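Undergrad: Structure in structure tokens, see below.
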Amino acid sequence: MKHLLKLEDWSTEEIIEALDLADRLKYEQKNGIEHKILKGKTLGMIFEKASTRTRVSFEVGMTQLGGYPLFLSSNDLQIGRGEPVEDTARVLSRFIDAIMIRTFEQKEVEALAEYGSIPIINGLTDYCHPCQVLADLLTIREFKGKLEGLKMCFIGDGNNMMNSLIVGALRTGMSISVACPEGYEPPKHILEFGESFGDKFELCRKPVDAAKGADVVYTDVWASMGQEDEKKIREAAFEGYQVNDELMSVTNEGCMVLHCLPAHRGEEITAEVFEAHANEIFEEAENRLHAQKAVLVKCFE
Ligand code: CP
Ligand code: NVA
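According to our numbering, the sequence shown is numbered sequentially starting from 55.
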């Protein structure tokens, strides 16, 4: 059974296959070519955190594929009142055909896969955001015509986005330099994964060092969902970790800027840089739809 619990679980071939399929589905959608590949299938979508893009892309994507998306807020499910995820997995497996879940702990997603008998898709945990990174890679390939040999840099927190981008970039032949303050690095095993790619991976302290010669600059919020209490401490810790014109001046000509959104202008990115790259950032948001459809089709194969 195929899941997408984290990007590490998918090989380079599987990632590229998903991107190729997303390209095809995007073309078909844009050209009015029907592709109801998942007719009669039901996707349960469990949300324990807020979402705009993930919810809408999965809901619309499932509909376009001829299936039925079932929105399940954790506030309404018994899971929100303490019913174990192990039991929820076994019950839902008898009603529906796949689950997409957005939650806090990665182990909850892994438990769904262990106890359920249907494909499980990670729609964001504190640890990773694989669906977003597939859309990001799709966008880079669309704008640059390739991935292999490009340099990405990530400025900011060693969070779910940084973790999945390190895996996604390196698995697809890009190099990636990340810049984060001390104490905000990705987990040790992600750093080790990066280091196993030699000089294709670099952990920097100064944003400008990571951005030098970059073809793609990526950033994300300083305080993720669930870290609202740390907002003030993080604002101080991340001072200077901003994507602004000065940082962009050391990147390669034609460098793209991507952001998973929502963005906090004036914090991790200036309004000027954001607007100058709005066409890339909103294509990236749209590509969530096409990438998610590819993930769904692959998980149902
Ligand atoms: N980028 C992303 O996952 O957006 P949402 O939180 O709106 O789903
Ligand atoms: N790091 C952010 C990503 C949002 C898509 C968060 O987890 O809130």
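We put the CB at the ideal spot given by N, CA and C, even for glycine.
Owing to the predicted nature of the structure, the values given are computational and were not obtained by experimental measurement.
For a test of the three-state rule: what should DSSP assign to G98, helix, strand or coil?
TA: Correct three-state label for G98: strand.
Undergrad: For K242, which three-state DSSP category applies?
TA: Three-state result, K242: helix.
Undergrad: Spatial neighbours of Y238 within its chain, please: C-beta separation below 6 Å, excluding the five flanking residues on both sides.
TA: Excluding residues within five positions, the ones whose Cβ falls inside 6 Å are D211, G212.
Undergrad: At 3 residues or longer, what runs of the beta strand (DSSP E) sit wholly inside the segment 239 to 293?
TA: The qualifying runs are 255 to 258, 270 to 273.
Undergrad: Using 8 Å as the cut-off, classify the Cβ of C182 as near or not near the heavy atoms of the ligand CP, replying yes or no.
TA: No; taking the cut-off as 8 Å, the Cβ of C182 has no heavy atom of the ligand CP nearer than that.
Undergrad: When you compare the CB positions of V270 and C234, do they come within less than 9 Å of one another, or not?
TA: No, they are not a contact pair.
Undergrad: CB of C346 to nearest heavy atom of the ligand NVA: below 8 Å?
TA: It is worth fixing the name first, because residue 346 is Gln in this sequence and not Cys. No; taking the cut-off as 8 Å, the Cβ of Q346 has no heavy atom of the ligand NVA nearer than that.
Undergrad: Is A332 near the ligand CP, with its Cβ less than 8 Å from a heavy atom?
TA: Checking the Cβ of A332 against the ligand CP gives no.
Undergrad: Based on Cα-Cα distance, which residue from P240, K260, A265 lies nearest to S229?
TA: Nearest of P240, K260, A265 to S229, Cα basis: A265.
Undergrad: Any idea what DSSP makes of N213, helix, strand or coil?
TA: Coil, per DSSP.
Undergrad: Would you mind working out which of L146, H183, E162 sits nearest S171, comparing C-alpha positions?
TA: Of the candidates L146, H183, E162, the one whose C-alpha sits nearest the C-alpha of S171 is L146.
Undergrad: Spatial neighbours of S218 within its chain, please: CB distance less than 6 Å, with the 5 preceding and 5 following residues excluded, ordered by chain position.
TA: Closer than 6 Å at the Cβ level, and outside the excluded window around S218, lie L61, C182, H183, P184, V187.
Undergrad: How far does the alpha helix (DSSP H) with N184 in it extend, from its first residue to its last?
TA: The residue you asked about is not Asn; residue 184 is Pro in the sequence shown. Segment 184 to 198, the alpha helix (DSSP H) holding P184.
Undergrad: Quick one: what does DSSP say V297 is sitting in, helix, strand or coil?
TA: Here V297 sits in strand by DSSP.
Undergrad: By a C-beta neighbour count over all protein chains shown, 10 Å radius and 16 as the cutoff for buried, is D283 buried or exposed?
TA: That one is exposed.
Undergrad: What's the gap between the Cα of F251 and the Cα of M215?
TA: Distance between the alpha carbons of F251 and M215: 19 Å.
Undergrad: Check whether the segment 78 to 97 and the segment 117 to 130 touch, using three or more Cβ-Cβ pairs below 8 Å as the test.
TA: Contact between the segment 78 to 97 and the segment 117 to 130 is present, because at least three Cβ pairs lie under 8 Å.
Undergrad: With 16 other CB atoms within 10 Å as the buried threshold, where does S111 fall?
TA: By the 10 Å Cβ count, S111 comes out buried.
Undergrad: Does G267 pass the burial test, meaning 16 or more other C-beta atoms within 10 Å, or should it be called exposed?
TA: With fewer than 16 Cβ atoms within 10 Å of its Cβ, G267 is classed as exposed.
Undergrad: With distances taken Cα to Cα, identify the nearest neighbour of E137 among L166, S278, C207.
TA: Nearest of L166, S278, C207 to E137, Cα basis: L166.
Undergrad: For the segment 284 to 298 against the segment 308 to 327, are there 3 or more C-beta pairs whose distance is under 8 Å?
TA: With a cut-off of 8 Å, the segment 308 to 327 and the segment 284 to 298 count as touching, because enough Cβ pairs lie within range.
Undergrad: Is the distance from the Cβ of V327 to the Cβ of M302 below 9 Å?
TA: Against a cut-off of 9 Å, the Cβ pair of M302 and V327 comes out as a contact.
Undergrad: Just reading off the alpha helix (DSSP H) that V349 is part of, what are its end residues?
TA: Counting along the chain, the alpha helix (DSSP H) containing V349 begins and ends at 332 to 354.
Undergrad: Would you check if there are 3 or more beta carbon pairs closer than 8 Å linking the segment 91 to 110 to the segment 55 to 73?
TA: No, the segment 91 to 110 does not touch the segment 55 to 73.
Undergrad: So, for V163: in the same chain, excluding its five sequence neighbours on each side, which residues have a beta-carbon less than 7 Å away from its beta-carbon?
TA: Result list for V163: L59, I155, T157, I174, N176, T179, in chain order.
Undergrad: According to DSSP, what are the bridge partners of H313?
TA: The partner list for H313 (beta bridge, DSSP) reads T273.
Undergrad: Can you tell me where the beta strand (DSSP E) holding L124 begins and where it ends?
TA: Unbroken beta strand (DSSP E) run through L124: 122 to 127.
Undergrad: Suppose you measure from the CA of G227 to the CA of V262; what does that come to, to the nearest Å?
TA: The alpha-carbon atoms of G227 and V262 are separated by roughly 22 Å.
Undergrad: Around the Cβ of G280, are there at least 16 other Cβ atoms within 10 angstroms (buried) or fewer (exposed)?
TA: Under this definition G280 is an exposed residue.
Undergrad: Kindly examine the ligand NVA and report whether one of its heavy atoms sits closer than 8 Å to the Cβ of Q186.
TA: Q186: yes, Cβ under 8 Å from the ligand NVA.
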